[in-house]
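Chains as they are written, first to last, in our numbering: chain A, 46 to 157; chain B, 10 to 121.
C-beta atoms are modelled at their ideal positions from N, C-alpha and C, and glycine is treated no differently.
Take a look at the structure set out below.
Right, dumping it as structure tokens:
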């Protein structure tokens, strides 16, 4: 089944403890992206990648890192999480970035 | 930054009625897409309309695009309780960066 898989689905962590949210797609998509969703603010793009080793900042990249060493994987790294990064995170992929996106099921992160 | 703004923010209708949601955006686009999100879940791509298209149909969905007014509408005909969800428009803006920018969403409730 064609899908985007995010892990974990839920995560509670403490301020400053580094964490990684994994994202993997099995559709050979070139384009991958991370979004965060907050009440009243909608979905905001964090980072995106047009292909392996090509990444770029979205609208809210501060406090996040990404890497794209393989086409299928696009992990989101929070080096020193803070409470304002408590949010619902979505990974998405697209064949080229111009068509429809396939979204993962989301990761609900709470930073205390 | 949010490109699209949906209207209304919330809509409640009876099963069998039609639901219309509107989206306005600010810049030139390559295409406009509509997504559905069930509570807390990942977004699901519904339909894509290109900037040179004026209307598109998919099952019970009808999308229109007016680039002169920078607006789009999504019509769901003969709504069902299972259509209850949040609906988002997303714009793929003209330019080099392949970023999809989402609106704030319309919460649709279909009452049985």
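Out of B:73, B:32, B:115, state which residue places its alpha-carbon closest to the alpha-carbon of residue 58 (chain B).
-> Residue 58 (chain B) sits at position 49 when you count from the first residue of the second chain. From the listed residues B:73, B:32, B:115, the smallest Cα separation to residue 58 (chain B) is found for B:73.
What residues of chain A sit near residue 50 (chain B), judged by a beta carbon separation below 7 Å?
-> Translated into the one-based positions of the second chain, residue 50 (chain B) becomes position 41. Those are 150, 151, listed as they occur along chain A.
Are at least three pairs of beta-carbons, each pair with one atom in the segment 111-120 of chain A and one in the segment 71-85 of chain B, less than 8 Å apart?
-> Touching, no, given that fewer than three Cβ pairs across the two stretches are closer than 8 Å.
Which residue comes first and which comes last in the beta strand (DSSP E) that contains residue 88 (chain A)?
-> If you number the first chain from 1, residue 88 (chain A) lands on position 43. DSSP places residue 88 (chain A) inside the beta strand (DSSP E), whose first and last residues are 87-96.
With 7 Å as the C-beta to C-beta threshold (strictly closer), list the residues of the segment 108-126 of chain A near chain B in chain order.
-> So nothing in the stretch comes that close.
DSSP three-state assignment for residue 31 (chain B), whether helix, strand or coil | In the second chain, counting from the first residue as 1, residue 31 (chain B) sits at position 22. In the structure shown, residue 31 (chain B) sits in a strand (DSSP, three-state: E or B).
Residue 48 (chain A) versus A:61, A:70, A:98, A:95, residue with shortest Cα-Cα distance = The count along the first chain starts at 1 and reaches residue 48 (chain A) at position 3. Measuring from the Cα of residue 48 (chain A), the nearest candidate turns out to be A:70.
Can you find a C-beta in chain B that's less than 8 Å from the C-beta of residue 88 (chain A)?
-> Locating residue 88 (chain A) in the first chain gives position 43, counting from the first residue. Chain B has a Cβ within less than 8 Å of the Cβ of residue 88 (chain A).
Starting from residue 118 (chain A), follow its DSSP beta bridges and name the residues at the other end.
-> One-based indexing of the first chain puts residue 118 (chain A) at position 73. Assignment of beta-bridge partners to residue 118 (chain A) by DSSP yields A:69.
Where the beta strand (DSSP E) containing residue 16 (chain B) begins and where it ends | As a first step, residue 16 (chain B) must be located in the second chain, where it is residue number 7. Looking at the DSSP string, the run of the beta strand (DSSP E) that includes residue 16 (chain B) is 14-16.
Going along chain A, which residues have a C-beta under 7 Å from residue 42 (chain B)?
-> For the purposes of this step, residue 42 (chain B) is identified with residue 33 of the second chain, where counting begins at 1. Correct list: 145.
What are the boundary residues of the beta strand (DSSP E) that includes residue 90 (chain B)?
-> Against the second chain, residue 90 (chain B) aligns to sequence position 81. Here residue 90 (chain B) belongs to no beta strand (DSSP E), and DSSP marks it neither H nor E.
Straight-line Cα distance separating residue 38 (chain B) from residue 111 (chain B) = As a position in the second chain, residue 111 (chain B) is number 102, starting the count at 1. As a position in the second chain, residue 38 (chain B) is number 29, starting the count at 1. Just so you know, the alpha carbons of residue 111 (chain B) and residue 38 (chain B) end up roughly 13 Å apart.
Kindly say whether residue 27 (chain B), judged by its beta-carbon, lies nearer than 8 Å to any beta-carbon of chain A.
-> Counting from 1 along the second chain, the entry for residue 27 (chain B) is found at position 18. Output row for residue 27 (chain B): interface = no.
Do you know offhand how far residue 58 (chain A)'s Cα is from residue 64 (chain A)'s?
-> Translated into positions along the first chain, residue 58 (chain A) becomes position 13. Translated into positions along the first chain, residue 64 (chain A) becomes position 19. Roughly 8 Å between the two C-alpha positions.
Do we get a CB-CB distance below 8 Å when we pair residue 112 (chain B) with the residues of chain A?
-> Along the second chain, one-based indexing puts residue 112 (chain B) at 103. Taking Cβ atoms only, chain A reaches closer than 8 Å to residue 112 (chain B), which makes this a yes.
Is it true that the segment 127-143 of chain A meets the segment 77-87 of chain A, where meeting means three or more beta-carbon pairs spaced less than 8 Å apart?
-> A contact between stretches requires three or more CB pairs, one per stretch, nearer than 8 Å, and the segment 127-143 of chain A meets this requirement with the segment 77-87 of chain A.
Along chain A, in chain order, which residues have C-beta atoms closer than 9 Å to that of residue 108 (chain B)?
-> As a position in the second chain, residue 108 (chain B) is number 99, starting the count at 1. Within chain A, the residues near residue 108 (chain B) are 78, 90, 93, 101, 103, 104, 142.
Show which residues of chain A have a CB atom less than 7 Å away from the CB atom of residue 101 (chain B).
-> Your numbering for residue 101 (chain B) matches position 92 in the second chain. Those are 143, listed as they occur along chain A.
Segments assigned beta strand (DSSP E), at least 3 residues, entirely inside the segment 48-97 of chain B = Positions of the beta strand (DSSP E) runs, each at least 3 residues long and wholly inside the segment 48-97 of chain B, are given as 52-59, 64-67, 70-75, 80-85 in order along the chain.
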